[in-house]
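**Student:** Sharing a structure, written as structure tokens. Questions coming.
In the working numbering, the protein residues as written are 24 to 281.
This is how it looks when you write it as structure tokens:
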């Protein structure tokens with residue numbers, strides 16, 4: 024036997040043992056769903072890790088399942104702020120709140136207590152915007168039957184002078200503490216980034232990482248609920264936060280309810 028063949032046999036044996044000893048991949052409820060997103064990871068020294076789903080706005084579905092994300096048969100990330108089963112952020116599809124009746128507390132019709140940054144996709148005008156509103160009644164779109172709106176807190180990616188003031192006025196929770204973070208970001212090309220960082224990081228450092236990692240001009244977006252709520256379902260990566268129930272999800276089309 025030649026030395027080369029012996030090396031190959033040893034390598035093959037090591038690989039076989041590794042496969043036998045490695046735990047099998049956990050089956051997920053969203054396995055084998057149609058994929059309508061691009062998956063990206065950003066890992067750089069001294070920077071928070073970013074896990075991103077890049078999608079078309081037409082493929083976004085806001086939904087309220089009131090479950091840990093991993094139990095939901097859909098790809099996507101966590102949505103807005105909540106308390107108990109009440110949604111405290113706007114989450115509206117075609118003028119209908121996702122968690123109850125239009126105009127009802129906790130339904131997703133209101134940004135409770137504060138006017139907050141709300142990311143809006145106008146399906147008629149085919150444009151994104153971030154609008155600071157208290158209620159879905161205030162959202163400005165061409166056709167109220169063709170839009171979706173997700174509430175959060177304004178990132179103000181294009182305004183270095185204003186962003187710190189806005190997170191105070193909009194009451195971003197725990198901005199200066201080390202927490203897991205989630206966000207939605209768009210650019211002028213009409214692409215949407217659904218972003219989760221499991222790294223414990225301040226709001227400022229998370230925002231800086233978004234500016235460095237999301238390409239294109241005209242970037243803008245919102246902070247979403249964070250910390251243990253920062254969760255992601257993707258074929259490539261599952262992020263569970265602290266495994267808590269989240270009221271609302273931002274999913275990418277291809278979920279089991281279509």
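Here a beta-carbon is modelled for each residue, glycine too, at the ideal position from N, C-alpha and C.
Since we're looking at a predicted model, the values are computed, not measured.
1. Using DSSP with H/G/I as helix, E/B as strand and the rest coil, what is residue 42?
2. Could you tell me the distance, in whole angstroms, from the CA atom of residue 96 to the CA atom of residue 260?
3. For residue 243, which beta-bridge partners are listed by DSSP?
4. Let's test the definition: count the other Cβ atoms within 10 Å of the Cβ of residue 55 and tell me whether it reaches 16, buried, or not, exposed.
5. CB-CB under 7 Å to residue 211, same chain, minus the five flanking residues each way: which ones, in chain order?
6. Can you check the segment 150 to 207 for any beta strand (DSSP E) of at least 3 residues that lies completely inside it and give the ranges in chain order?
7. For residue 53, write down the residues that DSSP places opposite it in a beta bridge.
8. Apply the 10 Å Cβ neighbour rule to residue 185 and answer buried if 16 or more other Cβ atoms are within range, or exposed otherwise.
9. For residue 90, which residues of its own chain have a beta-carbon under 7 Å away from its beta-carbon, when the five flanking residues on both sides are left out?
10. Does DSSP put residue 236 in a helix, in a strand, or in coil?
11. Determine the DSSP secondary structure at residue 112, reduced to helix, strand or coil.
12. Can you tell me which of the three DSSP states residue 68 falls into?
13. Per DSSP, which residues does residue 120 bridge with? Please list them.
14. For residue 261, does the three-state DSSP call read helix, strand or coil?
15. On the CB-based measure, 16 or more other CB atoms within 10 Å of its CB, does residue 52 come out buried or exposed?
16. Roughly how many angstroms separate the alpha carbons of residue 271 and residue 207, rounded to a whole number?
17. Indicate the three-state DSSP secondary structure (helix, strand or coil) for residue 140 in the structure shown.
18. Give every residue of the same chain whose Cβ lies closer than 6 Å to the Cβ of residue 75, excluding the five residues on either side of it in the sequence, and list them in chain order.
19. Please report the distance separating the alpha-carbon of residue 117 from that of residue 222.
**Tutor:** If we stick to the structure as given:
1. Per-residue confidence for residue 42 stands at a pLDDT of 43, beneath the threshold of 50, marking its modelled position as unreliable; the derived number appears in the next sentence. Helix.
2. 14 Å
3. 209
4. exposed
5. 239, 240, 241
6. 150 to 156, 170 to 174
7. Its beta-bridge partners do not exist; DSSP assigns none.
8. exposed
9. 268
10. helix
11. coil
12. coil
13. 115
14. strand
15. exposed
16. 14 Å
17. strand
18. 63, 216, 218
19. 34 Å
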